[in-house]
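What follows is a single structure, written as structure tokens, with notes after it.
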Amino acid sequence: GDVLLLTKSLGAGILTTAAKAELLSGAEYRAMTDLMAALNRDAARAAVPLRPSACTDVTGFGLLGHTCEMAQGSDVELELEVDAIDLIPEALEFANMGLLPAGMYRNRAFAEAGVDAGETALCRQDLLYDPQTAGGLLMAVDPADAEALYRELQGCVPSAQRIGVVKAYRGGKRIFLR
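Quick note, the sequence shown lines up with residues 528 to 705 if you use this note's numbering.
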């Protein structure tokens, strides 16, 4: 029953790949580095009093790699609302063009067997597997505390998002994209 909260947009790995290919404008490059430079300190401080059931930083394994580890370690399944996840528009465009970091493919190979992608477009899936540099925090928090934490996060993180829920494991896949 826990609610899943995320504190940063996804797509930094794809943007880093685009930057290496010199495909980002100056403004896009600054926005990417600002996102990566934003600390998770304030989000962690906001969460500690509410005692999240689980918390991890979304980094090199991407959102789906980290959610798979979280779900396996807690013996649960997670339902993610893809439309609620803040995907950086430019990164989505690059993913649609096929400009993807090698780490995204490794993350997909690691986690894909445990993911039911439903009707999620491939370019959106790519961002969910995208390895993040200095990514945000993914937190599982009691539903009674979720709204209070969400409001607190809105004032102190780049992108507060309610992205899904934790459910009892029924066997088979552990991550469901809706």
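Glycine included, C-beta positions come from ideal geometry on N, C-alpha and C.
Less than 9 Å between the beta carbons of residue i and residue j, yes or no?
i	j	result
I615	L676	no
V668	L590	no
A618	G538	yes
K700	G641	yes
L533	L664	yes
V692	E620	no
A564	M666	no
By DSSP, does residue i sit in helix, in strand, or in coil?
i	result
E620	helix
V609	helix
A667	strand
V684	coil
L566	coil
L592	Note that residue 592 corresponds to Gly in the displayed sequence, not to Leu. Helix at G592.
Taking only the alpha-carbon atoms, compute the straight-line gap between residue i and residue j and give it to the nearest angstrom.
i	j	result
L562	A611	19 Å
A571	A638	26 Å
G698	V603	9 Å
A673	V530	6 Å
A671	P579	11 Å
A545	T594	25 Å
L566	E555	19 Å
G540	E646	23 Å
S601	Y656	20 Å
D653	I702	15 Å
Q599	N623	30 Å
M559	L551	10 Å
C650	G625	8 Å
D569	K694	28 Å
L704	K547	30 Å
A644	G592	14 Å
State yes or no: is the beta carbon of residue i nearer than 9 Å to at least one beta carbon in chain C?
i	result
R633	In summary, chain C is missing from the structure at hand, where a single protein chain is found.
Please name the residue or residues paired with residue i in a DSSP beta bridge.
i	result
L550	Beta-bridge pairing links L550 to no other residue.
K694	E604
C582	M666
L614	L537
V642	I702
V530	V668 and V692
Check whether the Cβ of residue i sits closer than 8 Å to any heavy atom of the ligand GTP, and report yes or no.
i	result
E617	In the structure on display, the ligand GTP does not appear, and there are no ligands present to speak of.
Query - Cβ contact (3+ pairs, closer than 8 Å) linking the region 680-687 and the region 575-587 - result: Put simply, the region 680-687 does not touch the region 575-587. Fewer than three CB pairs are less than 8 Å apart.
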